[in-house]
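>
Number of protein chains: 2
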Amino acid sequence: MDYQPRPDDVRFLLNAVLDAPARLQALAPFAEVDEALQSQVLEEAARFVGEVVAPINREGDEVGCRFDKGEVISPPGFSDAYQAFVDGGWPALSAATEDGGQGLPSVLEAVLYQWLSAANHGLTMAPGLLHGAYACIKHHGSDELKNRYLQKIATGEWLATMCLTEAHAGSDLGQVRTRAVPQADGSFRVSGSKIFISGGEHDLTPNIVHLVLCRLPDAPAGPKGLSLVLVPKLLPDGARNAVHCERIEEKMGLHGSPTCSMRFDNATGWLVGESGRGLAAMFVMMNSARLHVALQGIGLLDAAWQKADAYAAERRQMRAPGAVPASRGAEPADLIAEHPAIRRILDTQRAWIDGARTLAYRSALMLDVAAHDAESKARERAQRWCSLVTPVLKAACTHQAFHGASECLQVFGGHGYVREWGIEQIVRDARVTMIYEGTNEIQAIDLLVRKVLPDGGAAMSAVLLDLRDTLDASREADADVQRRLAQLRYLGTTIAMSAHANPVLPYEVADDYLRVVMLTMMAWAWARIEATDESTSAGHTGRVRAAAAFRRWVLPEFEMRLGIVKRACEGIALSHAAAAAEGVAR
Amino acid sequence: MDYQPRPDDVRFLLNAVLDAPARLQALAPFAEVDEALQSQVLEEAARFVGEVVAPINREGDEVGCRFDKGEVISPPGFSDAYQAFVDGGWPALSAATEDGGQGLPSVLEAVLYQWLSAANHGLTMAPGLLHGAYACIKHHGSDELKNRYLQKIATGEWLATMCLTEAHAGSDLGQVRTRAVPQADGSFRVSGSKIFISGGEHDLTPNIVHLVLCRLPDAPAGPKGLSLVLVPKLLPDGARNAVHCERIEEKMGLHGSPTCSMRFDNATGWLVGESGRGLAAMFVMMNSARLHVALQGIGLLDAAWQKADAYAAERRQMRAPGAVPASRGAEPADLIAEHPAIRRILDTQRAWIDGARTLAYRSALMLDVAAHDAESKARERAQRWCSLVTPVLKAACTHQAFHGASECLQVFGGHGYVREWGIEQIVRDARVTMIYEGTNEIQAIDLLVRKVLPDGGAAMSAVLLDLRDTLDASREADADVQRRLAQLRYLGTTIAMSAHANPVLPYEVADDYLRVVMLTMMAWAWARIEATDESTSAGHTGRVRAAAAFRRWVLPEFEMRLGIVKRACEGIALSHAAAAAEGVAR
Numbered sequence: 220m221d222y223q224p225r226p227d228d229v230r231f232l233l234n235a236v237l238d239a240p241a242r243l244q245a246l247a248p249f250a251e252v253d254e255a256l257q258s259q260v261l262e263e264a265a266r267f268v269g270e271v272v273a274p275i276n277r278e279g280d281e282v283g284c285r286f287d288k289g290e291v292i293s294p295p296g297f298s299d300a301y302q303a304f305v306d307g308g309w310p311a312l313s314a315a316t317e318d319g320g321q322g323l324p325s326v327l328e329a330v331l332y333q334w335l336s337a338a339n340h341g342l343t344m345a346p347g348l349l350h351g352a353y354a355c356i357k358h359h360g361s362d363e364l365k366n367r368y369l370q371k372i373a374t375g376e377w378l379a380t381m382c383l384t385e386a387h388a389g390s391d392l393g394q395v396r397t398r399a400v401p402q403a404d405g406s407f408r409v410s411g412s413k414i415f416i417s418g419g420e421h422d423l424t425p426n427i428v429h430l431v432l433c434r435l436p437d438a439p440a441g442p443k444g445l446s447l448v449l450v451p452k453l454l455p456d457g458a459r460n461a462v463h464c465e466r467i468e469e470k471m472g473l474h475g476s477p478t479c480s481m482r483f484d485n486a487t488g489w490l491v492g493e494s495g496r497g498l499a500a501m502f503v504m505m506n507s508a509r510l511h512v513a514l515q516g517i518g519l520l521d522a523a524w525q526k527a528d529a530y531a532a533e534r535r536q537m538r539a540p541g542a543v544p545a546s547r548g549a550e551p552a553d554l555i556a557e558h559p560a561i562r563r564i565l566d567t568q569r570a571w572i573d574g575a576r577t578l579a580y581r582s583a584l585m586l587d588v589a590a591h592d593a594e595s596k597a598r599e600r601a602q603r604w605c606s607l608v609t610p611v612l613k614a615a616c617t618h619q620a621f622h623g624a625s626e627c628l629q630v631f632g633g634h635g636y637v638r639e640w641g642i643e644q645i646v647r648d649a650r651v652t653m654i655y656e657g658t659n660e661i662q663a664i665d666l667l668v669r670k671v672l673p674d675g676g677a678a679m680s681a682v683l684l685d686l687r688d689t690l691d692a693s694r695e696a697d698a699d700v701q702r703r704l705a706q707l708r709y710l711g712t713t714i715a716m717s718a719h720a721n722p723v724l725p726y727e728v729a730d731d732y733l734r735v736v737m738l739t740m741m742a743w744a745w746a747r748i749e750a751t752d753e754s755t756s757a758g759h760t761g762r763v764r765a766a767a768a769f770r771r772w773v774l775p776e777f778e779m780r781l782g783i784v785k786r787a788c789e790g791i792a793l794s795h796a797a798a799a800a801e802g803v804a805r
Numbered sequence: 220m221d222y223q224p225r226p227d228d229v230r231f232l233l234n235a236v237l238d239a240p241a242r243l244q245a246l247a248p249f250a251e252v253d254e255a256l257q258s259q260v261l262e263e264a265a266r267f268v269g270e271v272v273a274p275i276n277r278e279g280d281e282v283g284c285r286f287d288k289g290e291v292i293s294p295p296g297f298s299d300a301y302q303a304f305v306d307g308g309w310p311a312l313s314a315a316t317e318d319g320g321q322g323l324p325s326v327l328e329a330v331l332y333q334w335l336s337a338a339n340h341g342l343t344m345a346p347g348l349l350h351g352a353y354a355c356i357k358h359h360g361s362d363e364l365k366n367r368y369l370q371k372i373a374t375g376e377w378l379a380t381m382c383l384t385e386a387h388a389g390s391d392l393g394q395v396r397t398r399a400v401p402q403a404d405g406s407f408r409v410s411g412s413k414i415f416i417s418g419g420e421h422d423l424t425p426n427i428v429h430l431v432l433c434r435l436p437d438a439p440a441g442p443k444g445l446s447l448v449l450v451p452k453l454l455p456d457g458a459r460n461a462v463h464c465e466r467i468e469e470k471m472g473l474h475g476s477p478t479c480s481m482r483f484d485n486a487t488g489w490l491v492g493e494s495g496r497g498l499a500a501m502f503v504m505m506n507s508a509r510l511h512v513a514l515q516g517i518g519l520l521d522a523a524w525q526k527a528d529a530y531a532a533e534r535r536q537m538r539a540p541g542a543v544p545a546s547r548g549a550e551p552a553d554l555i556a557e558h559p560a561i562r563r564i565l566d567t568q569r570a571w572i573d574g575a576r577t578l579a580y581r582s583a584l585m586l587d588v589a590a591h592d593a594e595s596k597a598r599e600r601a602q603r604w605c606s607l608v609t610p611v612l613k614a615a616c617t618h619q620a621f622h623g624a625s626e627c628l629q630v631f632g633g634h635g636y637v638r639e640w641g642i643e644q645i646v647r648d649a650r651v652t653m654i655y656e657g658t659n660e661i662q663a664i665d666l667l668v669r670k671v672l673p674d675g676g677a678a679m680s681a682v683l684l685d686l687r688d689t690l691d692a693s694r695e696a697d698a699d700v701q702r703r704l705a706q707l708r709y710l711g712t713t714i715a716m717s718a719h720a721n722p723v724l725p726y727e728v729a730d731d732y733l734r735v736v737m738l739t740m741m742a743w744a745w746a747r748i749e750a751t752d753e754s755t756s757a758g759h760t761g762r763v764r765a766a767a768a769f770r771r772w773v774l775p776e777f778e779m780r781l782g783i784v785k786r787a788c789e790g791i792a793l794s795h796a797a798a799a800a801e802g803v804a805r
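These protein sequence lines map, in sequence, to chains X and P.
Counting in our numbering, the first sequence runs from 220 upward without gaps.
Counting in our numbering, the second sequence runs from 220 upward without gaps.
1) Who are the Cβ neighbours of Ala663/P in its own chain at under 8 Å, not counting the five residues just before and after it?
2) Return the residues of the stretch 627–659 of chain P that lie within a Cβ-Cβ distance of less than 8 Å from chain X, sorted by chain order.
3) Label Ser595/X either buried or exposed according to how many other C-beta atoms from any shown protein chain fall within 10 Å of its C-beta, with 16 as the threshold for buried.
4) So with Cβ pairs under 8 Å, would you call Arg563/X a contact of chain P?
5) For the putative contact between Ser446/X and Gly497/X, defined by C-beta atoms under 8 Å, what is the C-beta separation to the nearest angstrom?
6) Counting only C-beta atoms, is Pro673/P closer than 8 Å to chain X at any point?
7) When we look at the beta-carbon of Ser693/P and count the other beta-carbons within 10 Å, is it buried (16 or more) or exposed?
8) Taking beta-carbon pairs under 7 Å, can you tell me which members of the stretch 384–400 of chain X lie near chain P?
9) Are Ala329/P and Tyr353/P touching if we call contact CB-CB under 8 Å?
10) By the criterion of Cβ-Cβ separation under 7 Å, what are the contact partners of Val723/X in chain P?
11) Assign Val735/X to one of two classes, buried (16 or more other C-beta atoms within 10 Å of its C-beta) or exposed (fewer than that).
12) With distances taken between CB atoms, is the gap from Asp553/X to Met537/X smaller than 8 Å?
13) Per the contact definition of three or more C-beta pairs closer than 8 Å, is the stretch 338–347 of chain X in contact with the stretch 294–313 of chain X?
14) Whole angstroms is fine: what's the gap from Lys670/X's alpha carbon to Ser325/X's?
15) Taking 8 Å as the threshold (C-beta atoms), are Cys616/X and Ala513/X in contact?
16) As a quick exercise: from Ala527/X, Glu278/X and Ile714/X, pick the residue whose alpha carbon is nearest that of Gly475/X.
17) Which residues, in chain order, does the stretch 576–605 of chain X contribute to contact with chain P at a C-beta distance below 9 Å?
18) Alpha carbon to alpha carbon, what distance is there between Thr652/P and Glu281/P?
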């Protein structure tokens with residue numbers, strides 16, 4: 220069974236829970252993008268994903284990408300599907316109309332990419348970096364580079380890569396060694412080796428635009444010596460540039476996407492942005508790229524859930540305790556969907572999917588607000604949300620993608636472990652999302668050490684207070700969320716104080732802190748969902764079960780993680796007090 | 220880097236923590252098996268596993284088993300390694316000497332199989348079922364069957380299978396349809412199809428002995444109509460029997476072990492045990508088979524940890540907060556082992572490995588005590604432990620194998636997702652252990668619904684009180700364990716009472732209950748480890764870090780799970796009280 224997007228569910232979250240149509244129409248560029256148009260885009264996207272992209276997922280895994288003398292051959296059907304994607308205008312969905320795009324909101328693109336990832340993670344990797352490259356060139360490229368590359372990239376006619384990692388420089392980009400030497404004509408000659416380059420070589424588009432992190436002569440050591448250079452596979456005169464794929468990796472999954480080792484041999488390129496500001500040029504797209512990975516996670520989890528849900532509604536094994544006898548008929552066994560252990564798995568994953576995508580769609584809305592709201596305060600507030608919530612979603616959604624997909628595999632019993640049902644592919648594909656675009660451990664450090672603590676928790680408090688203002692304390696669920704929001708604000712202060720005594724502590728509790736934030740926000744999302752859900756809304760029954768599963772089996776982790784962080788801080792406080800007491804005694 | 224067993228660590232747990240040498244020597248058959256002999260067996264096993272079994276693991280995954288016209292071709296080196304295994308007498312380690320075995324304790328075999336699984340899960344599957352088949356035939360086989368098959372199986376000259384699952388009958392064996400029709404000569408003709416048969420066909424031994432769960436004519440429906448029939452690949456006269464492999468599965472992992480679909484076409488076989496008592500004949504080996512799977516889990520986690528630990532001690536990325544500057548030298552970055560997030564992963568997995576294997580080795584000791592102790596009370600007590608603790612270990616150790624190996628993969632960053640380092644293979648291989656020999660959900664139901672509740676928690680209480688008696692309340696750690704043991708006993712009573720009002724409730728909280736049991740037992744194991752660990756013991760420093768990780772990051776799940784179960788029971792109590800109050804009001 221191939222993945223099938225369900226626009227009804229999404230519409231409920233966008234329209235009823237997030238009030239997206241009205242919020243978007245209040246932004247000048249989207250004044251014409253009314254609910255009917257949004258709905259039409261979603262319907263067409265669902266159809267395209269279900270009919271064109273999903274059916275070739277399995278072969279993408281089984282045949283995979285092949286490497287032959289420097290060339291990469293895509294799996295069967297990928298080239299045609301990508302062309303249809305370009306022809307349909309999907310790569311350019313949120314690109315500006317003056318660049319050949321459709322100028323639609325980020326939030327619609329978020330839904331599209333969640334569905335694409337669910338249907339075919341491997342193929343989706345190809346256009347996945349287009350928007351990052353587009354934003355990077357648009358913000359930092361010279362007019363010449365913009366003229367030459369912006370429209371080709373916006374429309375997906377040419378694909379792009381980000382060439383960052385080297386064998387010895389993964390999370391630690393400051394160690395990058397690839398060199399770029401300036402030439403008299405203003406171009407640069409790039410030499411070095413990059414690894415783990417998604418789509419570094421392929422047969423989907425004639426040209427490939429590489430954005431290469433490298434070091435100019437005499438650049439200082441470390442991250443401040445890095446520059447970004449654009450190196451195309453084909454030079455403007457059509458000649459082949461000196462950049463080549465040396466091999467593709469054998470991976471655990473994601474076989475539909477070639478992970479390339481690239482060699483640059485005095486390849487010709489052009490500086491993007493200022494020299495020494497390479498990381499800054501890249502970071503312009505960090506929030507949208509990380510949100511994109513979070514959406515991959517949600518999509519993959521949804522795909523796994525959809526398979527498991529369908530299987531549980533057909534497979535019969537044993538009598539289920541509590542099953543309604545009337546549902547049995549003459550069958551010798553009950554549906555496994557009626558067994559409590561299976562029900563728990565399905566409802567729990569549903570709780571993650573709907574809670575997480577409510578937050579992810581809200582983040583995409585905030586990207587639109589941050590870019591287009593007329594008021595600077597609103598833009599700032601949206602920017603603050605994106606900065607703080609993006610690492611949380613990236614880590615939590617990808618973690619759940621892998622672990623939740625594994626739970627869904629369990630629904631199949633032994634049948635889940637064999638290729639036939641396609642569920643094990645999702646588990647393998649999902650695993651990489653916990654690693655790329657910054658490992659989940661780095662997301663947690665980014666959140667707590669780089670973003671929450673430096674201002675003493677002020678920005679995070681502001682985000683939490685904004686959330687509090689959306690709640691109605693007369694509702695029990697909302698009051699519960701308010702309590703958790705307050706606990707979370709206090710937790711930030713506690714960590715900040717403990718960090719004075721032990722600067723290592725925040726690194727030790729960063730993962731726990733991130734989980735507390737995610738669970739609080741999920742609780743907020745579910746409170747808002749329940750407040751707006753009508754018995755007539757599409758998917759209502761499933762959400763009622765998911766809401767119960769969330770409170771019963773997901774949310775208890777909140778107290779556990781809170782306790783872990785608090786005890787770590789108390790340990791610091793105690794040893795501090797003991798040291799002080801010892802000082803007095805001495 | 221291939222897996223390398225570490226006998227020193229094991230000896231510390233066996234000798235210092237579990238007092239295994241003295242306990243074993245107190246059993247009549249092992250009076251001569253002193254500490255020196257045990258140690259010698261472990262050293263030889265470690266050498267064999269490290270030198271012969273581990274080096275062919277990678278090819279076992281990459282080349283895998285191939286299927287060609289009904290034959291299965293093992294991966295390169297597997298046949299020679301298996302022959303060396305047989306020649307070394309390893310399959311017969313715990314088999315009785317009169318059957319050609321070495322008559323050694325189960326606990327040594329447990330260590331051997333943990334190492335084998337760590338080194339090469341695929342190859343280890345081949346002899347993994349020998350002991351089950353041996354025990355089954357020894358307890359239930361006719362003298363004729365024993366004469367014909369017992370020694371061949373004990374020595375591993377012929378391998379064996381368990382043919383249980385059919386396409387529509389997985390967890391629900393009562394639905395098995397394979398038929399066995401009695402013949403005039405006392406034999407049976409077996410017809411039907413079985414799936415997921417590990418080692419159903421291979422080239423490691425000339426003959427393969429299938430133990431087939433099937434249904435005799437006029438047998439009642441359901442589990443009570445099942446019988447066990449022995450069907451050899453080669454008949455006693457050397458002729459090929461009508462049992463054939465139709466295909467092997469394409470799986471997520473475990474490519475070194477062929478998972479076969481078997482067809483029986485009027486194949487000749489002989490009844491093992493009484494007709495209609497097929498499940499009972501199989502269940503004689505259930506505890507040792509499930510403990511075996513738990514040991515696979517611990518072995519795989521240890522293998523993952525060993526790889527990650529070695530990588531973290533070589534790879535450098537970024538400055539680590541809190542790292543000792545002297546350790547840096549001229550290096551531009553610190554070892555990732557010094558980064559708190561990586562340290563946490565490594566120490567937490569170490570905590571699981573040492574805690575879990577202490578419990579698993581104790582279970583294997585109890586198998587020896589249950590079989591050989593002169594006193595019936597001691598045998599009963601040991602049997603009680605095995606019955607209650609085995610499902611806990613099966614579920615918890617295999618869960619941790621997969622999730623912990625995934626954490627270890629994370630230590631490698633992007634390098635963990637590619638085949639090169641071998642860590643992703645462990646994650647894929649480990650996944651199946653959560654499914655076979657009864658899914659982990661079924662283990663939880665087996666524990667709570669079939670074993671704890673029927674006697675109102677009496678047997679479980681007895682096990683917990685036995686554990687309490689080993690503790691010294693004057694030690695803080697021991698007192699903490701005592702408190703948890705008491706909470707766990709009370710929890711059993713609470714669930715039993717709530718189950719009266721809602722019989723479905725135990726099925727809903729079975730997983731949580733199992734986790735509470737495991738965490739309590741792990742706390743007990745770590746308290747005993749710490750009580751006996753000397754600063755001069757091999758591996759002491761790692762255990763000190765692991766003990767801290769256990770308290771800080773593993774044990775908090777105890778309160779979370781306890782809370783989940785309690786709230787479920789309180790919900791029942793509340794609705795019960797409300798119903799009662801309504802009854803009064805009416």
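For each residue, glycine too, the CB sits at the ideal point set by N, CA and C.
Reading off the structure:
1) In the second sequence, counting from the first residue as 1, residue 663/P sits at position 444. Excluding positions up to five away in sequence, the list reads Pro610, Ala614, Ala729, Asp730, Tyr732 and Leu733.
2) Leu628, Gln629, Gly632, Gly633, His634, Gly635, Tyr636, Val637, Arg638, Glu639, Glu643, Val646, Arg647, Arg650, Val651, Met653, Ile654, Tyr655, Thr658 and Asn659
3) On the first sequence, position 376 is the one that residue 595/X refers to. By the 10 Å Cβ count, Ser595/X comes out exposed.
4) Here residue 563/X refers to the residue found at position 344 when the first sequence is read from its first residue. Chain P, which has a Cβ nearer than 8 Å to the Cβ of Arg563/X, makes this yes.
5) Here the question's residue 446/X lines up with position 227 in the first sequence. Here the question's residue 497/X lines up with position 278 in the first sequence. About 4 Å separates the two Cβ atoms, so the contact holds.
6) Start at 1 with the first residue of the second sequence, and residue 673/P comes out as number 454. No - not a single Cβ of chain X is within 8 Å of the one on Pro673/P.
7) Position 474 of the second sequence, counted from the start, is the residue given in the question as residue 693/P. It is exposed - the Cβ of Ser693/P has fewer than 16 other Cβ atoms within 10 Å.
8) Thr384, Gly389, Ser390, Asp391 and Gln394
9) By one-based count along the second sequence, residue 329/P stands at place 110. By one-based count along the second sequence, residue 353/P stands at place 134. No. Outside cutoff.
10) Within the first sequence, residue 723/X is the residue found at index 504, counting from 1. What Val723/X touches in chain P: Pro540, Gly541 and Pro559.
11) What you label residue 735/X is simply residue 516 of the first sequence in a count that begins at 1. So Val735/X ends up on the buried side.
12) Position 334 of the first sequence, counting from 1, holds the residue named residue 553/X. Position 318 of the first sequence, counting from 1, holds the residue named residue 537/X. The answer is yes: Cβ separation under 8 Å.
13) yes
14) Locating residue 670/X in the first sequence gives position 451, where the first residue counts as 1. Locating residue 325/X in the first sequence gives position 106, where the first residue counts as 1. One C-alpha to the other measures close to 24 Å.
15) In the first sequence, the residue the question calls residue 513/X occupies position 294. In the first sequence, the residue the question calls residue 616/X occupies position 397. Taking 8 Å as the Cβ cut-off, Ala513/X and Cys616/X qualify as a contacting pair.
16) In the first sequence, the residue the question calls residue 475/X occupies position 256. Selected option, being the one with the closest Cα: Glu278/X.
17) none
18) Walking along the second sequence from the start, residue 281/P turns up at place 62. Walking along the second sequence from the start, residue 652/P turns up at place 433. Glu281/P and Thr652/P: Cα-Cα distance of roughly 20 Å.
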